[in-house]
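The sequence shown maps to residues 108 to 526 in the working numbering.
C-beta: ideal position from N, C-alpha, C; glycine also.
The structure presented is a predicted model; accordingly, all values stated were derived computationally and were not measured.
Here is the structure we will look at.
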Amino acid sequence: MLTFPLAMASSGMIPGMITCVLSGSVAAFGLYLLSLCAAKTKGRHASFHAVSQLTFPSAAVFFDAAIAAKCFGVSISYLIIIKGLMPKVVASLYHDLAPETLGAPEWTQNGNIWITLFTSVLVPLCFLRHLHSLRHTSYVALFSVAYLVAIVITCYFWPLEDMPERGEVRLVHFTPNFVSSFPVQVFAFTCAQNLFPIYNELKTNSQPRMNTVIGGSIGAATLTYEVIAIFGYLTFGSKVGPNIIAMYPSTSLFIAIGQLAIVILVLFSYPLQVHPCRNCLDKIFHSGHVAEAPKADSETEDEDEGEPNEDEHGHGPHAEMSKFKYTALTSAIIIGGFTIAYLVDDLQIVLAFVGATGSTTISFILPGLFYWKLTRNDPSVSRRMNYGAFALMVYGICVFVFCLGFNIYQVVHGKGPAH
C-alpha cells in the first residue's frame, strides 16, 4: 500500500491505474475459485488442507508449509515495521508537543524496546480462537487506512511546509523499475489465507454472500490503493520514494499521527497472519488427521449447518486442537517471529523470496489448480470456468518464476530483491 505511488511512477499514471485494477481482478477471481472449492468440502470445515484432501492428498503437507511460511514471514515484517517506525513517531511527537529543550528519551529510540512492548499487547489477540473476535480491532485498522488516505489527499491540495519539490508527472512512462515494482501490486491483494476461516464463520455462507464479501473487500482495497497511488504520485511525481508516509515532513503532528496509524494497522494485522499460520502448522505436525478429513463429505448438510462453530478454522470435526497444542503452536509462532525481528533489522531478502513464492502460490496457483482438478471431469461445470482456473494457475506459475528469478538476479548483482 505504501509503495503504490512508486509503482505508478515506474509506468505512468494510466498504466499504473490499469495494472492495479488488473491485479485486484485476478486476485478476486482466485478468491472466487477458492469459495467454490470451499463449498465442495460441505459445512463449516473448509480449509486449504481440506480442499487438498479432495484433490492432491499426498501433497497437502507442502501446501500447508507454503501457507505457513508466507504468513510467518509477513508477521515478521509487521514487527520490523513497528521497530523502524515507532522511534520516528515518538521523535516527531516530541518535536511538536514538547519544549524545544526537551528531546525524546533515549529508550524511545530503541526499536527493540518497542517490539517488546507491542508483542506483549499482541499475545492475547493471537490466542483468540475466532476471527470474529478481532472485528473491533479491525475497525481500528480500517481507521488507520482511512487516515492515510486523508493524508495523501490533504497534502496534495494543501501542501505542508518543507515539502520536497515535485518531480515530473507523466501519463505513460515505462521505466526499468516497472519490472521490480509490478509485484508490489500483485502481492498487495494477497488475502487468500483468510478466505476459508471467513467462509466457516459467516452465519450465511452461500455463494452470493461470499461473492459480496469478495467483491466488497477487493473493490475497497483497489479503490484505496488507487487513491493513495494517484495522489501520492501527483504530490511527489518522479521523486516519490518507496514509502509514501516517509516522504512527508516529520515535523508535522498531522503526519506523526499518520505514522502512528500505520503502526496500529500492522499491529492489528499481525493476529490475522498468526491465525492461518497456526492452523497450517497443526496439519503439518499432525498428519494422522489427514485420513479423517474427507469424512466431512459424508455428513449431511443439515448436520453441518447445525454445528457452525464446531471447527471454524477448517480442521474438520475430528481435528479440534487441544488447549496444549493450541498454546504450544501459538507460542512458537510468536516467540520465533519476535526473536528474528529483534535480532534482524532488514529482512528484505527473506521477505522478498517469501512473497514471490508463498503469496503467489496461495493467491493464484492453488486456487486455479484446486478448482481445475475438482471440476475437470464435471459436465455440470462450464468449460470456460475450468479453462479460466487453469489459466490462473499458469499465470501464477509465470509470476512465481519471473519474480523469483528477478529477485535472484538482483541479489547476485548486489542490488537487493524487488518488493
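Notebook entry, point to check: Rounded to whole angstroms, how far is the Cβ of residue 300 from the Cβ of residue 378, which I believe are closer than 8 Å?
Noted result: Not quite, the Cβ-Cβ distance comes to about 13 Å (not below 8 Å), so this is no contact.
Notebook entry, point to check: Can we say the segment 181-194 touches the segment 364-381, given the rule of at least three CB pairs closer than 8 Å?
Noted result: yes
Checklist line | Three-state secondary structure (DSSP) of residue 257 | finding: helix
Notebook entry, point to check: Going by beta carbon distance, what residues of the same chain come within less than 6 Å of residue 345, once the five residues before and after it are set aside?
Noted result: 116, 274 and 275
Check: Are the beta-carbon atoms belonging to residue 352 and residue 339 less than 7 Å from one another?
Finding: no
Margin query: Do residue 386 and residue 153 have their beta-carbon atoms positioned less than 7 Å apart in this structure?
Written below: no
Item checked: Exposure label - residue 438; buried when at least 16 CB within 10 Å -> exposed
Item checked: Cα-Cα separation, residue 269 to residue 121 -> 29 Å
Checklist line | Proximal residues to residue 234 (C-beta, below 6 Å), its chain only, five neighbours per side dropped | finding: 437
Next item on the list: Go through the segment 109-166 residue by residue and report every complete run of the alpha helix (DSSP H) that reaches 4 residues or more, in order.
Entry: 111-116, 120-147 and 155-162
Next item on the list: Over the uninterrupted alpha helix (DSSP H) stretch that includes residue 314, give me the two end residues.
Entry: 314-343
Notebook entry, point to check: What does a CB cutoff of less than 6 Å around residue 224 pick up in its chain, not counting 5 residues either side in sequence?
Noted result: none
Check: Looking at the unbroken alpha helix (DSSP H) that takes in residue 301, where does it start and where does it end?
Finding: Looking at the DSSP string, residue 301 is not in any alpha helix (DSSP H), and its letter there is neither H nor E.
Next item on the list: Could you give the DSSP three-state label for residue 282: helix, strand or coil?
Entry: coil
Margin query: The alpha helix (DSSP H) that contains residue 363, what's its start and end?
Written below: 360-392
Item checked: Three or more C-beta pairs below 8 Å linking the segment 156-164 and the segment 307-320 -> no
Item checked: Stretch-stretch touch, CB-based, cutoff 8 Å, three pairs: the segment 323-342 with the segment 247-259 -> yes
Notebook entry, point to check: If you scan the segment 458-520 from start to end, which runs of the alpha helix (DSSP H) of 4 or more residues do you find wholly inside it?
Noted result: 473-482 and 490-519
Item checked: Whether residue 119 touches residue 280 by CB criterion (7 Å) -> yes
Checklist line | Rounded straight-line distance, which links the Cα of residue 283 to that of residue 167 | finding: 38 Å
Check: Which whole-angstrom value describes the C-beta separation of residue 180 and residue 465, a residue pair presumed to lie in contact below a C-beta threshold of 8 Å?
Finding: 7 Å
Notebook entry, point to check: From what residue to what residue does the alpha helix (DSSP H) around residue 433 run?
Noted result: 430-450
Note to self: On the criterion of 16 or more Cβ atoms from any shown chain inside 10 Å, does residue 505 qualify as buried, or is it exposed?
What the structure shows: exposed
Note to self: Just to check my reading of the structure: residue 291 and residue 114 have Cβ atoms closer than 8 Å, yes? What is that Cβ distance to the nearest angstrom?
What the structure shows: 5 Å
Notebook entry, point to check: Any chance the segment 131-141 sits against the segment 356-372, with 3 or more Cβ pairs inside 8 Å?
Noted result: no
Notebook entry, point to check: Are residue 137 and residue 474 closer than 7 Å when you measure CB to CB?
Noted result: yes
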